[in-house]
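Enquirer: Structure provided below as structure tokens; questions to follow.
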Amino acid sequence: MKDYGTENPGGTGPTGQGATGKARDFSNAAPHQMPQNPHPSGQRPKSPIRRSQSGGGGGNDSRFHKRLGPNDFSKGLELGLQAIRQNILLVMVFTCATNLLILAIPLYLFQISDRVLTSRSMDTLVMLTTLIVGAVLLQAVLDAVRRFILMRTAVEIAAQLGNPILSAAARASLHSNGREYQTLGDLQQLRSFLVSGTLLSFLDIPFTPFFLLAIYLVHPHLGLIVMATALVLFVIALINQKITSRSFAEANQHQSRANLHLDSMSRNSQIINALAMIPEAVSIWGQDTARSLKSQVKAQDRNIITASCSRAVRLLTQIGMLGWGASLAINGEITGGMVIAASIIAGRALAPVEGAIEGWNHFLLSRAAYGRIATLLRSSPLNRDRLILPHPEGRLDVERLLFVPPGTKRVVLNGLSFTLSPGDSLAIIGNSGAGKTTLGKMLVGSVLPTSGAVRLDLMDLRNWDQRQLGSNVGYLPQDVQLFPGTIKQNIARMREDATDEQIHTAAVLADVHEMIASFPEGYETMVAADGTPLSGGQKQRIALARAFFGEPRLVVLDEPNSNLDAAGDMALARALTHAKSHDMTVVVVTQKPSLLGSVDKIMLMADGNIAMFGQRQQVLAQLEQRRRSTPAPAPQSNQNLQNPNLNGPAPA
22 MKDYGTENPG
32 GTGPTGQGAT
42 GKARDFSNAA
52 PHQMPQNPHP
62 SGQRPKSPIR
72 RSQSGGGGGN
82 DSRFHKRLGP
92 NDFSKGLELG
102 LQAIRQNILL
112 VMVFTCATNL
122 LILAIPLYLF
132 QISDRVLTSR
142 SMDTLVMLTT
152 LIVGAVLLQA
162 VLDAVRRFIL
172 MRTAVEIAAQ
182 LGNPILSAAA
192 RASLHSNGRE
202 YQTLGDLQQL
212 RSFLVSGTLL
222 SFLDIPFTPF
232 FLLAIYLVHP
242 HLGLIVMATA
252 LVLFVIALIN
262 QKITSRSFAE
272 ANQHQSRANL
282 HLDSMSRNSQ
292 IINALAMIPE
302 AVSIWGQDTA
312 RSLKSQVKAQ
322 DRNIITASCS
332 RAVRLLTQIG
342 MLGWGASLAI
352 NGEITGGMVI
362 AASIIAGRAL
372 APVEGAIEGW
382 NHFLLSRAAY
392 GRIATLLRSS
402 PLNRDRLILP
412 HPEGRLDVER
422 LLFVPPGTKR
432 VVLNGLSFTL
442 SPGDSLAIIG
452 NSGAGKTTLG
462 KMLVGSVLPT
472 SGAVRLDLMD
482 LRNWDQRQLG
492 SNVGYLPQDV
502 QLFPGTIKQN
512 IARMREDATD
522 EQIHTAAVLA
532 DVHEMIASFP
542 EGYETMVAAD
552 GTPLSGGQKQ
562 RIALARAFFG
572 EPRLVVLDEP
582 NSNLDAAGDM
592 ALARALTHAK
602 SHDMTVVVVT
612 QKPSLLGSVD
622 KIMLMADGNI
632 AMFGQRQQVL
642 AQLEQRRRST
652 PAPAPQSNQN
662 LQNPNLNGPA
672 PA
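In the working numbering, the protein residues as written are 22 to 673.
Have a look at this one:
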């Protein structure tokens with residue numbers, strides 16, 4: 022692509038960049054590269070709107086933003102793990118006590134069989150019964166306490182990681198289709214594991230050797246039987262993991278795709294109903310769900326088989342313990358009470374292993390969920406601390422911007438470079454598919470370039486503090502979406518610290534105050550997720566006020582008048598005039614010529630390249646010259662600029 026400065030000597034081109042395409046500081050620029058101010062007094066005419074002193078915008082205010090604190094999500098994850106470890110240690114103390122108290126019943130049976138029945142002492146029976154009842158009640162209390170601790174641990178983890186996960190997912194969605202939002206479901210999976218019986222089984226397993234030792238002390242033969250059974254159960258657990266892990270992973274993958282499609286259906290419910298697409302949409306969802314269920318059934322079948330085998334092995338072990346113990350008792354090596362006690366202890370020793378096998382799927386899902394949570398939080402770009410800069414003035418530099426969508430080889434933007442000075446206004450026109458909307462998204466940082474940079478006041482957008490950048494950028498997307506809440510909350514970007522003055526100023530800047538005042542409830546009018554009860558044009562104007570909230574230094578408007586009537590177009594033109602009087606840098610993506618008279622510069626895009634760029638009158642003159650030199654085709658309406666070659670200059 023040629024340097025635009027050489028192709029349009031009378032225009033502004035990529036000013037201040039030179040041959041390298043890099044932005045230079047104004048202090049080192051040549052006189053002809055200094056930003057021009059068309060007003061001889063050195064000041065732009067002031068709007069009657071008074072600037073808010075508490076707004077989030079910048080202007081020439083040299084004060085720095087207050088730092089809200091670093092977003093170290095990885096540290097938050099470590100704090101969450103530390104809380105889990107501390108609580109698990111406390112739970113292990115209670116688990117140790119409960120497992121010791123479990124021995125009370127086998128000891129009670131042993132004493133009843135070998136002491137009480139032979140001595141026929143009622144006093145001994147009453148004393149033993151009282152002690153055992155107390156031990157059982159204490160064991161129940163301690164077991165409840167450890168469950169309470171685990172439940173509160175799960176709540177604490179959700180409270181600590183919920184906000185970081187959602188923040189990191191929102192940022193990571195710039196690179197994907199939003200699947201990171203499902204990580205909140207992973208947090209729910211982690212919570213359910215912390216309060217499940219599977220975790221308690223894992224916590225009880227370390228005490229299995231203690232029970233084996235107790236059985237071994239009763240008689241070595243019985244101890245060897247239980248040890249052999251434990252090894253068999255361990256082998257069954259390994260086999261279970263090997264034969265079920267892949268199927269469970271496939272089931273989760275298909276279920277994730279089904280959930281994404283379900284979210285898409287909820288967002289596009291009106292289109293689905295209007296175009297009678299319900300059967301097709303349900304069919305697509307059903308295919309992914311069916312694949313998930315098929316893989317899940319396959320894995321669960323294998324898990325059920327291994328769990329049944331482990332249960333059968335445990336029951337056979339108890340039969341073997343009783344049979345072999347009886348033979349030992351017949352030979353006089355142990356007593357009958359010892360046989361019964363050893364059998365009960367063996368069941369307690371093997372129960373956690375069996376429970377772990379049955380809940381192995383739950384463990385695998387939770388481990389995978391934690392892995393996704395850890396990856397998301399540790400790799401989030403929000404972890405990197407950013408220097409809090411002074412409020413920007415609004416200079417915009419685009420340097421060799423290249424964008425190739427992930428997974429494709431199609432170049433959407435091909436090495437774009439241009440510069441806008443503070444207070445400049447630019448209209449981007451061109452055919453559909455020229456890359457206008459993608460460029461607009463990149464100018465506000467909602468889409469990241471493959472290479473190149475977008476700079477606000479010489480700093481790459483990726484190196485700005487996200488909160489500070491958002492306060493100084495306004496954006497009106499092509500597909501307008503409002504949040505459930507009042508008009509006031511939507512204009513204030515849902516910020517609780519927004520003042521009434523800021524909200525009113527944004528509404529006046531966007532020239533929507535009169536429209537809002539006509540509503541019965543004014544700024545307190547409730548808006549649903551789909552914008553009800555507002556019309557398409559009203560939604561667009563409310564979103565325009567949201568873009569102007571805080572008097573940002575850079576405002577990007579994508580097709581801001583696509584749903585507006587004549588009155589709305591006039592209000593939009595007045596809003597652009599207000600923005601100019603406040604030295605805001607404004608970029609407007611449009612297909613209609615009615616807005617061209619409200620901007621300073623025009624950019625014509627074609628196939629991801631800049632075909633023309635310069636002052637408004639200059640570009641319009643070039644378009645008129647091209648139109649006259651091109652043979653007239655069949656008559657077409659000139660109400661849009663999708664083919665600029667056919668349009669004459671718009672009124673200044």
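Idealized CB from N, CA, C, for every residue including glycine. On a predicted model such as this, the values are computed, not experimentally measured, just so you know.
Could you check where the beta strand (DSSP E) with S421 kicks off and where it finishes?
Expert: Here residue 421 refers to the residue found at position 400 when the sequence shown is read from its first residue. The sequence shown places Arg at residue 421, not Ser. It spans 417–424 - the beta strand (DSSP E) in which R421 sits, taken as one unbroken run.
Enquirer: Is L571 buried or exposed, if buried means 16 or more other CB atoms sit within 10 Å of its CB?
Expert: As a position in the sequence shown, residue 571 is number 550, starting the count at 1. Note that residue 571 is Gly in the sequence shown here, rather than Leu. G571 comes out buried.
Enquirer: Checking 8 Å against the spacing of the C-beta atoms, do A235 and I153 come in under that value?
Expert: Taking the sequence shown and counting its residues from 1, the one referred to as residue 235 is at position 214. Taking the sequence shown and counting its residues from 1, the one referred to as residue 153 is at position 132. Cβ atoms of A235 and I153: not closer than 8 Å.
Enquirer: Applying the criterion that 16 or more other CB atoms from any shown protein chain within 10 Å of the CB defines a buried residue, is Q646 buried or exposed?
Expert: The residue you call residue 646 lines up with position 625 of the sequence shown. Classification for Q646: exposed.
Enquirer: Are S213 and H275 close, meaning C-beta to C-beta below 8 Å?
Expert: Counting from 1 along the sequence shown, the entry for residue 213 is found at position 192. Counting from 1 along the sequence shown, the entry for residue 275 is found at position 254. No; because the gap between Cβ atoms is not below 8 Å, this pair is not in contact.
Enquirer: Between the Cα of R476 and the Cα atoms of T606, T520, A527, D518, which residue gives the shortest distance?
Expert: Start at 1 with the first residue of the sequence shown, and residue 476 comes out as number 455. Here the closest residue by C-alpha is T606.
Enquirer: Applying the criterion that 16 or more other CB atoms from any shown protein chain within 10 Å of the CB defines a buried residue, is M342 buried or exposed?
Expert: Residue 342 sits at position 321 when you count from the first residue of the sequence shown. Per the 10 Å Cβ criterion, buried.
Enquirer: Does DSSP classify S134 as helix, strand or coil?
Expert: By 1-based counting over the sequence shown, the position of residue 134 is 113. Residue state, collapsed to three classes: helix.
Enquirer: Taking only three categories from DSSP, how would you classify M633?
Expert: Along the sequence shown, read from residue 1 onward, the residue named residue 633 stands at position 612. Strand at M633.
Enquirer: So, helix, strand or coil for K319, using DSSP?
Expert: Counting from 1 along the sequence shown, the entry for residue 319 is found at position 298. Three-state result, K319: helix.
Enquirer: With a threshold of 6 Å on Cβ separation, who are the neighbours of N435 within its own chain once the five nearest residues in sequence on each side are excluded?
Expert: Taking the first residue of the sequence shown as 1, we reach residue 435 at position 414. Answer for N435: G629, N630, listed in chain order.
Enquirer: Using alpha carbons as the reference points, say which of T250, W306, A363, V176 lies closest to Y237.
Expert: For the purposes of this step, residue 237 is taken as the residue at position 216 of the sequence shown. It is A363 whose Cα lies nearest to the Cα of Y237.
Enquirer: Indicate whether the contact test is met: 3 or more Cβ pairs, each with one atom in the segment 495–502 and one in the segment 549–564, closer than 8 Å.
Expert: Yes: at least three Cβ pairs fall under 8 Å.
Enquirer: Do you know whose CA, among V374, F223, F439, A179, lies nearest L98's CA?
Expert: Here residue 98 refers to the residue found at position 77 when the sequence shown is read from its first residue. Nearest C-alpha to L98: A179.
Enquirer: Who are the near neighbours of A600 in its chain, counting only those whose CB is closer than 8 Å to its CB and skipping five residues on each side?
Expert: On the sequence shown, position 579 is the one that residue 600 refers to. Counting only Cβ-Cβ distances below 8 Å, and skipping sequence neighbours, we find S446, L530, F569, V576, V607.
Enquirer: If the criterion is Cβ atoms closer than 8 Å, does the pair D481 and E414 meet it?
Expert: For the purposes of this step, residue 481 is identified with residue 460 of the sequence shown, where counting begins at 1. For the purposes of this step, residue 414 is identified with residue 393 of the sequence shown, where counting begins at 1. Their beta carbons are not under 8 Å apart, which means D481 does not touch E414 by this criterion.
Enquirer: With DSSP run on the structure shown, which of helix, strand or coil describes F540?
Expert: Indexing the sequence shown from 1 puts residue 540 at position 519. Three-state DSSP puts F540 in coil, outside helix and strand.
Enquirer: Is the CB-CB distance between A596 and L565 below 8 Å?
Expert: Position 575 of the sequence shown holds residue 596. Position 544 of the sequence shown holds residue 565. Cβ atoms of A596 and L565: closer than 8 Å.
Enquirer: What separation, rounded to the nearest whole angstrom, lies between the Cα atoms of M303 and Q321?
Expert: In the sequence shown, the residue the question calls residue 303 occupies position 282. In the sequence shown, the residue the question calls residue 321 occupies position 300. Residue 303 is actually Val in this sequence, not Met. Answer to the nearest angstrom: the Cα atoms are 26 Å apart.
Enquirer: T396 to Q210, Cα distance in whole Å?
Expert: Position 375 of the sequence shown, counted from the first residue, corresponds to residue 396. Position 189 of the sequence shown, counted from the first residue, corresponds to residue 210. If I take the Cα positions, the gap works out to 16 Å.
Enquirer: Taking 8 Å as the threshold (C-beta atoms), are P470 and L410 in contact?
Expert: For this step, residue 410 is matched to residue 389 along the sequence shown. For this step, residue 470 is matched to residue 449 along the sequence shown. It is not a contact, given that the beta carbons lie outside the stated cut-off.
Enquirer: Near H525, which residues of its chain fall below 8 Å by C-beta distance, leaving aside the five closest residues on each side in sequence?
Expert: Residue numbering aside, residue 525 sits at position 504 when the sequence shown is read from its first letter. Closer than 8 Å at Cβ, skipping near neighbours: H534.
Enquirer: Roughly how many angstroms separate the alpha carbons of T150 and V162, rounded to a whole number?
Expert: As a working note, residue 150 is residue 129 in the sequence shown. As a working note, residue 162 is residue 141 in the sequence shown. C-alpha separation (whole angstroms): 18 Å.
Enquirer: Rounded to a whole number of angstroms, what is the C-alpha to C-alpha distance between E420 and H282?
Expert: Walking along the sequence shown from the start, residue 420 turns up at place 399. Walking along the sequence shown from the start, residue 282 turns up at place 261. Answer to the nearest angstrom: the Cα atoms are 37 Å apart.
Enquirer: Write down the C-beta distance between T250 and T327 rounded to the nearest angstrom, noting that I regard them as a contact closer than 8 Å.
Expert: Here residue 250 is taken as the residue at index 229 of the sequence shown, counted from 1. Here residue 327 is taken as the residue at index 306 of the sequence shown, counted from 1. Wrong, their Cβ atoms sit about 15 Å apart, outside the cutoff.
Enquirer: Answer with buried or exposed for G428, where buried requires no fewer than 16 other C-beta atoms within 10 angstroms of its C-beta.
Expert: Walking along the sequence shown from the start, residue 428 turns up at place 407. Label assigned to G428: exposed.
Enquirer: With burial defined as no fewer than 16 other Cβ atoms inside 10 Å of the residue's Cβ, what is the status of I351: buried or exposed?
Expert: Locating residue 351 in the sequence shown gives position 330, counting from the first residue. Per the 10 Å Cβ criterion, exposed.
Enquirer: Quick one, are the C-beta atoms of N382 and T265 less than 8 Å apart?
Expert: Taking the first residue of the sequence shown as 1, we reach residue 382 at position 361. Taking the first residue of the sequence shown as 1, we reach residue 265 at position 244. The answer is yes: Cβ separation under 8 Å.
Enquirer: Taking Q639 as the reference, give the member of L460, I226, H240, I623 with the closest Cα.
Expert: For the purposes of this step, residue 639 is identified with residue 618 of the sequence shown, where counting begins at 1. The residue with the shortest Cα to Cα distance from Q639 is I623.
Enquirer: To the nearest angstrom, report how far apart F223 and H240 are at their CA atoms.
Expert: For the purposes of this step, residue 223 is taken as residue 202 along the sequence shown, with counting starting at 1. For the purposes of this step, residue 240 is taken as residue 219 along the sequence shown, with counting starting at 1. F223 and H240: Cα-Cα distance of roughly 27 Å.
Enquirer: Of the choices P505, G368, A279, D284, whose alpha-carbon is the least far from that of I126?
Expert: The sequence position of residue 126 within the sequence shown is 105, counting from 1. It is G368.
Enquirer: Residues bridged to S446 by DSSP?
Expert: The residue given as residue 446 occupies position 425 in the sequence shown. Bridge partners of S446: V607.
Enquirer: May I ask which residues mark the beginning and end of the alpha helix (DSSP H) holding M286?
Expert: Here residue 286 refers to the residue found at position 265 when the sequence shown is read from its first residue. Start and end: 241–288.
Enquirer: Tell me, to the nearest whole angstrom, how far the beta carbon of I512 is from that of R567; I am working on the premise that it is less than 8 Å.
Expert: As a position in the sequence shown, residue 512 is number 491, starting the count at 1. As a position in the sequence shown, residue 567 is number 546, starting the count at 1. Confirmed, Cβ separation roughly 5 Å.
Enquirer: May I ask which residues mark the beginning and end of the beta strand (DSSP E) holding K96?
Expert: Taking the sequence shown and counting its residues from 1, one reaches residue 96 at position 75. Careful: K96 lies outside any beta strand (DSSP E), inside the alpha helix (DSSP H) at 94–123.
Enquirer: Taking the alpha-carbon of Q262 as reference, which of E379, L644, D225, R136 has the nearest alpha-carbon?
Expert: In the sequence shown, residue 262 corresponds to position 241, counting from 1. Answer by Cα proximity: E379.
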